[in-house]
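Asks: First residue of the sequence shown? That's 142 in this note's numbering, and the numbers climb one at a time after it. Below is a structure I'd like to ask you about.
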Amino acid sequence: MGVVALIGLFVVFYQYHLSTSVRFDQIADFNGGASAEDGPVLSQEEVERYVRTSKLTEEMIKSAVRRVQETNGLSPDVASTLIQQLMNHLRRNVFELPENNSKITRPVFTGRFEPSRNATSSQRSQESSSSSVSLSERTPEPLYIITPTYRRPEQIPELTRMSHTLMLVKNVHWLVIEDAAVATKQVTRLLERTGLKFEHLTAPMPEKYKQKKGAKPRGVSNRNRGLQWIRANATDGVFYFADDDNTYDIALFDEIRKTKRVSMFPVGLCTKFGLSSPIIKNEKFVGFYDGWIAGRKFPVDMAGFAVSVKFLLQRPNASMPFKAGYEEDGFLKSLAPFEPKEIEFLADNCTRVLAWHTQTKKNEPSAPLDMKLYGETNLIKLKQQIV
Ligand code: UDP
Ligand code: MN
142 MGVVALIGLF VVFYQYHLST SVRFDQIADF NGGASAEDGP VLSQEEVERY
192 VRTSKLTEEM IKSAVRRVQE TNGLSPDVAS TLIQQLMNHL RRNVFELPEN
242 NSKITRPVFT GRFEPSRNAT SSQRSQESSS SSVSLSERTP EPLYIITPTY
292 RRPEQIPELT RMSHTLMLVK NVHWLVIEDA AVATKQVTRL LERTGLKFEH
342 LTAPMPEKYK QKKGAKPRGV SNRNRGLQWI RANATDGVFY FADDDNTYDI
392 ALFDEIRKTK RVSMFPVGLC TKFGLSSPII KNEKFVGFYD GWIAGRKFPV
442 DMAGFAVSVK FLLQRPNASM PFKAGYEEDG FLKSLAPFEP KEIEFLADNC
492 TRVLAWHTQT KKNEPSAPLD MKLYGETNLI KLKQQIV
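So this is what it looks like as structure tokens:
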């Protein structure tokens, strides 16, 4: 059965690939006065669309193999070999170019909101004449977004909103970590639909903290699991703790890419001051503004800082403490040696709010459905999507 499904997967993949495939050695320099004899000329937009499609195809391969694995019991080894093989094939087609083909300018994936997309062709040719580097060289370093989440009525809408933000960001790898013993199917499906690179992990809050009265260390085991994943799998780029209920301006992600070691920036809607931010006076850091200082060395919000992967790897003991209210401070202190004077300030020297501590209204779990009344209706399917 598994073998039949595998053959099916290969057939679907090849059909899809053949229908969309354009090799880069078929792409003439779209700025450099290529004539009709030089082969087909693709516009920058077409090239960009192709690059995006390739990324999507990668995600499709992964999710198709995962589905076959779930339904037909493919062993993890075979599944990962299959993914690897298909991806290698895809990459060969996307990236390999004859070394000596100097006529060809490799296209650069510029992202959706680059002004050059609407630029005139002369502006575009000026830009690309200085940027004839390979696609892989121009892909920015990865951004690892660590998102703790847990099952509740707002979970899917929050993750939907957040995924739509991340879909606008280049080279993000979303680490979604559920405070649960078992991963939620609805969350996996949502993640697969986004086309984003993602990991869906679980890290339940230890029982002793769950039983605790009063404030609990929310999202701590999840974030520590995210750090563990990064230590095991990442070598460069930047990571950011992004709770599922906040609001993120897409400009934030280009800012945090600049992080060399530890960066900080303002967060809106935070505490009674409505704002949490480093204070800058005459271009110099003079302290922190936050409605809850509480003896913290780093009185900042979880959404107010980012850290480079390389820096984390140089701090093998850094982790987040299970101490409600002191999670940020504890984590930043665990990065020692690291002092406030070393902070890199982003968002135009902390003059722009690019992250918001939104806090969604909590909803009670929905009332059960009266099966006698609605047993044969669409409400059955809808109810499966509601907590
Ligand atoms: N969270 C969690 N388990 C919980 C409560 C919260 O994993 O029991 C996650 C939640 O999804 C969010 C983060 O931890 O991403 C912070 O939780 P919350 O938004 O409730 O805290 P607040 O922002 O109010 O401090
Ligand atoms: Mn929150």
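Each residue gets a CB set at the ideal place from its N, CA and C atoms; glycine is no exception.
Within this structure, are the beta carbons of glutamate 469 and lysine 401 separated by less than 8 Å?
Replies: No; because the gap between Cβ atoms is not below 8 Å, this pair is not in contact.
Asks: Are proline 294 and aspartate 384 closer than 8 Å when you measure CB to CB?
Replies: Result no, Cβ atoms of proline 294 and aspartate 384 do not sit closer than 8 Å.
Asks: Give me the Cα-Cα distance between glutamate 424 and asparagine 490, rounded to the nearest whole angstrom.
Replies: Rounded to the nearest angstrom, the two C-alpha atoms are 8 Å apart.
Asks: Taking 8 Å as the threshold (C-beta atoms), are tyrosine 381 and isoleucine 138 in contact?
Replies: The structure shown has nothing for residue 138, since the chain only spans 142 to 528.
Asks: Can you tell me where the alpha helix (DSSP H) holding valine 403 begins and where it ends?
Replies: Counting along the chain, valine 403 falls outside any alpha helix (DSSP H), though it belongs to the beta strand (DSSP E) covering 403 to 405.
Asks: Go through its chain and collect everything with a Cβ distance to alanine 324's Cβ below 7 Å, but skip five positions before and after it.
Replies: Cβ neighbours of alanine 324 beyond the five flanking positions: His341 and Thr343.
Asks: Ignore the nearest five residues each way along the sequence and tell me which others in leucine 307's own chain have a CB closer than 7 Å to its CB.
Replies: So the qualifying residues of the chain are Ile286, Val313, Trp315 and Leu337.
Asks: With DSSP as the reference, identify every bridge partner of tyrosine 350, one or two as the case may be.
Replies: DSSP, once it has assigned bridges, lists no residue as partnering tyrosine 350.
Asks: Leaving out five residues before and five after valine 408 in sequence, what residues of the same chain have Cβ atoms less than 6 Å from its Cβ?
Replies: Closer than 6 Å at the Cβ level, and outside the excluded window around valine 408, lie Ser417, Asp442, Ala444, Gly445, Ala496 and His498.
Asks: So for tryptophan 497, helix, strand or coil by DSSP?
Replies: Note: tryptophan 497 maps to strand in three-state DSSP.
Asks: If we count the other Cβ atoms within 10 Å of its Cβ and call it buried at 16 or more, is phenylalanine 414 buried or exposed?
Replies: With fewer than 16 Cβ atoms within 10 Å of its Cβ, phenylalanine 414 is classed as exposed.
Asks: Checking 8 Å against the spacing of the C-beta atoms, do valine 450 and threonine 376 come in under that value?
Replies: For valine 450 and threonine 376, yes; Cβs fall inside 8 Å.
Asks: Per DSSP, which residues does valine 317 bridge with? Please list them.
Replies: Bridge partners of valine 317: Thr288 and His341.
Asks: Check whether the Cβ of asparagine 458 sits closer than 7 Å to any heavy atom of the ligand MN, and report yes or no.
Replies: Every heavy atom of the ligand MN is 7 Å or more from the Cβ of asparagine 458, so no.
Asks: So if I measure from each beta-carbon to every heavy atom of the ligand MN and keep distances below 6 Å, which residues remain?
Replies: Matched residues: Asp384, Asp386 and Gln500.
Asks: Can you tell me whether tryptophan 370 is buried or exposed? The criterion is at least 16 other CB atoms within 10 Å of its CB, across all chains shown.
Replies: Its Cβ being crowded by 16 or more others within 10 Å, tryptophan 370 is buried.
Asks: Would you kindly work out how many angstroms separate the C-alpha atoms of glycine 428 and leucine 476, rounded to a whole number?
Replies: Their backbone Cα atoms lie some 19 Å apart in a straight line.
Asks: Taking Cβ to Cβ, would you say leucine 368 is nearer than 8 Å to leucine 284?
Replies: It is not a contact, given that the beta carbons lie outside the stated cut-off.
Asks: Does DSSP put lysine 524 in a helix, a strand or coil?
Replies: Looking at lysine 524 - three-state DSSP - the assignment turns out to be helix.
Asks: Less than 8 Å separating the beta-carbons of leucine 510 and lysine 399?
Replies: Cβ atoms of leucine 510 and lysine 399: not closer than 8 Å.
Asks: Sorted by chain position, which residues of the same chain lie with C-beta nearer than 8 Å to serine 460's C-beta, five sequence neighbours on each side aside?
Replies: The residues are Asn365, Leu368, Phe472 and Ser475.
Asks: At the level of alpha carbons, what is the spacing between lysine 357 and alanine 322?
Replies: When rounded, the distance between both Cα atoms is 18 Å.
Asks: When every heavy atom of the ligand UDP is checked, does at least one fall within less than 7 Å of the C-beta of histidine 498?
Replies: Yes - the ligand UDP has a heavy atom lying nearer than 7 Å to the Cβ of histidine 498.
Asks: Buried or exposed: leucine 523, going by 16 or more other Cβ atoms within 10 Å of its Cβ?
Replies: Flag for leucine 523 reads exposed.
Asks: Put proline 419 into one of helix, strand or coil per three-state DSSP.
Replies: Residue state, collapsed to three classes: strand.
Asks: In this structure, how does DSSP classify lysine 425 when only helix, strand and coil are distinguished?
Replies: Three-state result, lysine 425: strand.
Asks: When you measure from the CB of proline 294 to every non-hydrogen atom of the ligand UDP, does any distance come out below 7 Å?
Replies: Not under cutoff, so the answer is no.
Asks: Please find out if some non-hydrogen atom of the ligand UDP comes closer than 7 Å to the beta-carbon of proline 283.
Replies: Not under cutoff, so the answer is no.
Asks: Taking the alpha helix (DSSP H) that serine 460 belongs to, which residues open and close that run?
Replies: Careful: serine 460 lies outside any alpha helix (DSSP H) and carries neither H nor E.
Asks: Excluding the 5 residues preceding and the 5 following proline 256 in the sequence, name in chain order all residues of the same chain whose CB lies nearer than 6 Å to its CB.
Replies: Bear in mind that the predicted position of proline 256 carries a pLDDT of just 31, short of 50, making it too unreliable to give a figure here.
Asks: How many Å lie between tyrosine 389 and leucine 300 at the Cα?
Replies: Cα to Cα, the separation comes out at about 12 Å.
Asks: Buried or exposed: which applies to asparagine 504, given that a residue is buried once 16 or more other Cβ atoms fall within 10 Å of its Cβ?
Replies: The residue in question, asparagine 504, is exposed, as its Cβ has fewer than 16 Cβ neighbours within 10 Å.
Asks: Exposed or buried, alanine 447, counting other C-beta atoms within 10 Å across all chains shown (16 or more means buried)?
Replies: Burial call: buried.
Asks: Going by other Cβ atoms of all chains shown within 10 Å of its Cβ, with 16 needed for buried, is isoleucine 397 buried or exposed?
Replies: It counts as buried.
Asks: Give me the residue from Met512, Pro506 and Leu514 with the minimum Cα distance to glutamine 526.
Replies: Of Met512, Pro506 and Leu514, the residue nearest in Cα terms is Pro506.
Asks: Mapping the DSSP letters down to three states, classify methionine 512 as helix, strand or coil.
Replies: If DSSP states are grouped into helix, strand and coil, methionine 512 belongs with the helices.
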